[in-house]
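Asks: Letter by letter, the sequence shown follows residues 3 to 402 in the working numbering.
Heads up, the beta-carbon is just placed ideally off N, CA and C, and yes, glycines get one too.
Note that this is a predicted model, so its numbers are computed, not measured.
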Amino acid sequence: MFVGSHERPILRELIKHLDSRFAVLLFGLRRVGKTTTFYQLIKHLLRIGSDERKVLYFSFDDQSATIQNIVALYEEKIIKKKLGDIDRIFFFFDEIQKVADWQSAIKQLYDLHPNVKIFLSGSASVTLEKNARESLAGRMIDIYAAPLTFKEFLDWKNNKVALDNPELAQGEIQPLLMDYLRKGGFPELAHEESDDAVRQYLKNLILERIIYRDLPQEFALKDAELLRTLLEYIVREPGNIVNVERLARDTGRSKITIGNYLGYLQYGLLVRAIGNLRPGFLIASRKGKKYYPVSPAFCFAYRSDFYTDALLAKVAESAVAMKLNAEYYYRNGFEIDFVRKDGQEILPIEVKWGKPDEVQLKAFMEKFSISSGILVTRDVFRDERSGIRLVPLWKFLLED
Numbered sequence: 003m004f005v006g007s008h009e010r011p012i013l014r015e016l017i018k019h020l021d022s023r024f025a026v027l028l029f030g031l032r033r034v035g036k037t038t039t040f041y042q043l044i045k046h047l048l049r050i051g052s053d054e055r056k057v058l059y060f061s062f063d064d065q066s067a068t069i070q071n072i073v074a075l076y077e078e079k080i081i082k083k084k085l086g087d088i089d090r091i092f093f094f095f096d097e098i099q100k101v102a103d104w105q106s107a108i109k110q111l112y113d114l115h116p117n118v119k120i121f122l123s124g125s126a127s128v129t130l131e132k133n134a135r136e137s138l139a140g141r142m143i144d145i146y147a148a149p150l151t152f153k154e155f156l157d158w159k160n161n162k163v164a165l166d167n168p169e170l171a172q173g174e175i176q177p178l179l180m181d182y183l184r185k186g187g188f189p190e191l192a193h194e195e196s197d198d199a200v201r202q203y204l205k206n207l208i209l210e211r212i213i214y215r216d217l218p219q220e221f222a223l224k225d226a227e228l229l230r231t232l233l234e235y236i237v238r239e240p241g242n243i244v245n246v247e248r249l250a251r252d253t254g255r256s257k258i259t260i261g262n263y264l265g266y267l268q269y270g271l272l273v274r275a276i277g278n279l280r281p282g283f284l285i286a287s288r289k290g291k292k293y294y295p296v297s298p299a300f301c302f303a304y305r306s307d308f309y310t311d312a313l314l315a316k317v318a319e320s321a322v323a324m325k326l327n328a329e330y331y332y333r334n335g336f337e338i339d340f341v342r343k344d345g346q347e348i349l350p351i352e353v354k355w356g357k358p359d360e361v362q363l364k365a366f367m368e369k370f371s372i373s374s375g376i377l378v379t380r381d382v383f384r385d386e387r388s389g390i391r392l393v394p395l396w397k398f399l400l401e402d
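(1) Lys316 and Pro240: beta carbons closer than 8 Å?
(2) Look at the alpha carbon of Ser123 and the alpha carbon of Ile12, and state the distance between them as a whole number of angstroms.
(3) Give the list of continuous alpha helix (DSSP H) stretches no shorter than 4 residues that lie fully inside the segment 237-277.
(4) Per DSSP, what are the beta-bridge partners of Gly2 in this structure?
(5) Leu111 and Val73: beta carbons closer than 8 Å?
(6) Which term fits Ile258, buried or exposed, when burial requires 16 or more other beta carbons within 10 angstroms of its beta carbon?
(7) Tell me Lys316's beta-bridge partners as DSSP assigns them.
(8) Would you report the Cα separation of Phe302 and Lys36, rounded to the nearest angstrom?
(9) Looking at the strands, I want to know which residues DSSP matches up with Lys404.
(10) Taking just the CA atoms, how far does Val200 sit from Arg215?
(11) Between the segment 271-278 and the segment 169-183, do at least 3 Cβ pairs fall closer than 8 Å?
(12) On the three-state DSSP scale, how would you describe Arg337?
(13) Using 10 angstroms around the beta-carbon of Leu279, count the other beta-carbons present and answer buried if the total reaches 16, otherwise exposed.
(14) Among the residues of its own chain, which have a CB less than 8 Å from the CB of Gln70, if the five just before and after it don't count?
(15) Which residues share a DSSP beta bridge with Gly187?
(16) Just to confirm before moving on: does the CB-CB distance between Trp396 and Phe152 stay below 8 Å?
(17) Can you find the residues in the same chain that come closer than 7 Å, C-beta to C-beta, to Pro218, ignoring five residues on each side of it along the sequence?
(18) Roughly how many angstroms separate the alpha carbons of Leu233 and Gln202, rounded to a whole number?
(19) According to DSSP, is Ile145 part of a helix, a strand, or is it coil?
(20) Could you tell me which residues DSSP puts in a beta bridge with Val57?
(21) Could you pull the start and end residues of the beta strand (DSSP E) that Leu13 belongs to?
(22) Could you compute how far the alpha carbon of Leu138 sits from the alpha carbon of Leu27?
(23) Note down the Cα distance separating Asp339 from Glu9, rounded to an integer number of angstroms.
(24) Leaving out five residues on either side along the sequence, give the residues of the same chain with a beta carbon under 8 Å from the beta carbon of Tyr330.
(25) Closest to Tyr293 by C-alpha separation, out of Ala299, Phe308, Ala328 and Asp307, would be which residue?
(26) Just checking my contact of Leu399 with Ala321 at CB under 8 Å: how many whole Å lie between their CB atoms?
(27) DSSP on His173, reduced to helix/strand/coil?
(28) In angstroms, rounded to a whole number, what distance separates the CA positions of Arg32 and Ile348?
(29) Could you pull the start and end residues of the alpha helix (DSSP H) that Val73 belongs to?
(30) Would you list the residues sitting across from Arg384 in a DSSP beta bridge?
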């Protein structure tokens, strides 16, 4: 099925911003559908009557150019006028992180031409750049294009599982969950059945392209193999607390180098680091971070024993981290996998693929006088009792 025929919810979010003044940055991992979403948004613009000459799309992925030169050519060859002489223009710049000092060029374009609506995409967390935050403060909003959610994945596969009775649906939906975990929500993999083809896609089109091309080009890195070593360490043992000093000793690099290269992997949206939330819940410790692959499929790419219970327990954690966009865990005498912090509201979440053990959740809730917690299981349901709700992973991933 043609991937472009599916419209993700993120398209509707972009449409909402068509009439706003702000530039819009759509950022996310490679192959999650950012370019397709731009094409769909352009199609929407043409459908509602926009002049095709007033819609410009340019990808920097395989072409080098400056924004200034693109604008000059557009004025000369397409509209044959200056930008200021046109009422409303839409610019789409794909893979903007490939452009040196793109923030300054976009700032100038934005400030000089209020009639130009700017959409940008990036296959890295370009919002992490200090200069981007400073240069474009008050001018840009960013929207994260995540891999497909489990609900989107089921829709993509045109699967209509009746969920009125979750316990009856479980037998039908568990194989679909395994399929989702190995493919990680990448749209082009939704209908691929071959394990070898899935692994090849993940490695060749995403992981190794970012490790060996994108990041070295972006940061002039000389040690792509160290990036690969650190990535494999994380995807083979997801959720481990990374000991920078030990990694430095094992790899023969300095602690500063290891810390920097872990940062590059985060910049490339390959891994996420979650911090140990200190008592008081105001800040997280800078030490003792746990690392997860951004997609559970990355575990499938590098582990032939993906379907073993020992690894699936960690893969399930990775899927929950992706669902939550997790930032925190707790470890001080006992450990809670994830702590969701929403203002003053604190929600502890544990993932147990084996026997549902509530001991640590209860200890956390009692210690901090918290009334609710969630235990994500393989297949056990239980409505909230003593403040703890048990919910299977598949159902947790489908919840809003």
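Replies: So, from the listed chains and residues:
(1) Here residue 316 refers to the residue found at position 314 of the sequence shown. Here residue 240 refers to the residue found at position 238 of the sequence shown. Yes, these two residues count as a Cβ contact at 8 Å.
(2) On the sequence shown, position 121 is the one that residue 123 refers to. On the sequence shown, position 10 is the one that residue 12 refers to. For Ser123 and Ile12, the distance between alpha carbons rounds to 13 Å.
(3) Scanning the segment 237-277 from its first residue to its last, the whole alpha helix (DSSP H) runs of 4-plus residues come out as 246-253 and 257-269.
(4) The chain is shown only over 3 to 402; residue 2 falls outside these bounds and no answer can be derived.
(5) The sequence position of residue 111 within the sequence shown is 109, counting from 1. The sequence position of residue 73 within the sequence shown is 71, counting from 1. Result yes, Cβ atoms of Leu111 and Val73 sit closer than 8 Å.
(6) The residue labelled residue 258 in the question sits at position 256 within the sequence shown. Burial call: exposed.
(7) Reading the sequence shown from its first residue, position 314 is the one you call residue 316. Paired residues: none, contrary to the question.
(8) In the sequence shown, the residue the question calls residue 302 occupies position 300. In the sequence shown, the residue the question calls residue 36 occupies position 34. Spanning the two alpha carbons is a distance of roughly 23 Å.
(9) Outside the modelled stretch of the chain, which goes from 3 to 402, sits residue 404, for which no answer is possible.
(10) Taking the first residue of the sequence shown as 1, we reach residue 215 at position 213. Taking the first residue of the sequence shown as 1, we reach residue 200 at position 198. Whole-angstrom Cα-Cα distance: 21 Å.
(11) With the rule of 3 Cβ pairs closer than 8 Å, the segment 271-278 does not count as touching the segment 169-183.
(12) Position 335 of the sequence shown, counted from the first residue, corresponds to residue 337. Correcting the residue type first, residue 337 is Glu in the shown sequence and not Arg. In the three-state scheme derived from DSSP, where H, G and I count as helix and E and B as strand, Glu337 is classed as strand.
(13) Your numbering for residue 279 matches position 277 in the sequence shown. Classification for Leu279: buried.
(14) The residue you call residue 70 lines up with position 68 of the sequence shown. Around Gln70: Ala107.
(15) Here residue 187 refers to the residue found at position 185 when the sequence shown is read from its first residue. DSSP lists no partner for Gly187.
(16) Here residue 396 refers to the residue found at position 394 of the sequence shown. Here residue 152 refers to the residue found at position 150 of the sequence shown. In this structure, Phe152 lies closer than 8 Å to Trp396 by Cβ.
(17) If you number the sequence shown from 1, residue 218 lands on position 216. Correct list, in chain order: Ala226.
(18) Against the sequence shown, residue 233 aligns to sequence position 231. Against the sequence shown, residue 202 aligns to sequence position 200. The alpha-carbon atoms of Leu233 and Gln202 are separated by roughly 16 Å.
(19) Residue mapping note: residue 145 aligns to position 143 of the sequence shown, counting from 1. Three-state result, Ile145: strand.
(20) Residue 57 sits at position 55 when you count from the first residue of the sequence shown. Answer is Phe92.
(21) Numbered from 1 along the sequence shown, position 11 holds the residue referred to as residue 13. Leu13 -> not in any beta strand (DSSP E); alpha helix (DSSP H) instead, spanning Pro11 to Lys18.
(22) Within the sequence shown, residue 138 is the residue found at index 136, counting from 1. Within the sequence shown, residue 27 is the residue found at index 25, counting from 1. CA-to-CA, the gap between Leu138 and Leu27 works out to about 11 Å.
(23) Locating residue 339 in the sequence shown gives position 337, where the first residue counts as 1. Locating residue 9 in the sequence shown gives position 7, where the first residue counts as 1. Put simply, the backbone Cα of Asp339 is about 33 Å away from that of Glu9.
(24) Position 328 of the sequence shown, counted from the start, is the residue given in the question as residue 330. The answer, listed in chain order, is Ile276, Gly277, Asn278, Leu279, Ala286, Phe340, Val341, Arg342 and Lys343.
(25) Along the sequence shown, read from residue 1 onward, the residue named residue 293 stands at position 291. Selected option, being the one with the closest Cα: Ala328.
(26) Along the sequence shown, one-based indexing puts residue 399 at 397. Along the sequence shown, one-based indexing puts residue 321 at 319. Contact flag correct, Cβ pair sits at about 6 Å.
(27) Locating residue 173 in the sequence shown gives position 171, counting from the first residue. The displayed chain sequence assigns Gly, not His, to residue 173. Taken through DSSP and simplified to helix, strand or coil, Gly173 comes out as helix.
(28) The residue given as residue 32 occupies position 30 in the sequence shown. The residue given as residue 348 occupies position 346 in the sequence shown. About 32 Å.
(29) Sequence index remark: in the sequence shown, residue 73 carries index 71 (1-based). Unbroken alpha helix (DSSP H) run through Val73: Ile69 to Leu75.
(30) Stepping through the sequence shown from its first residue, residue 384 is reached at position 382. Per DSSP, Leu392.
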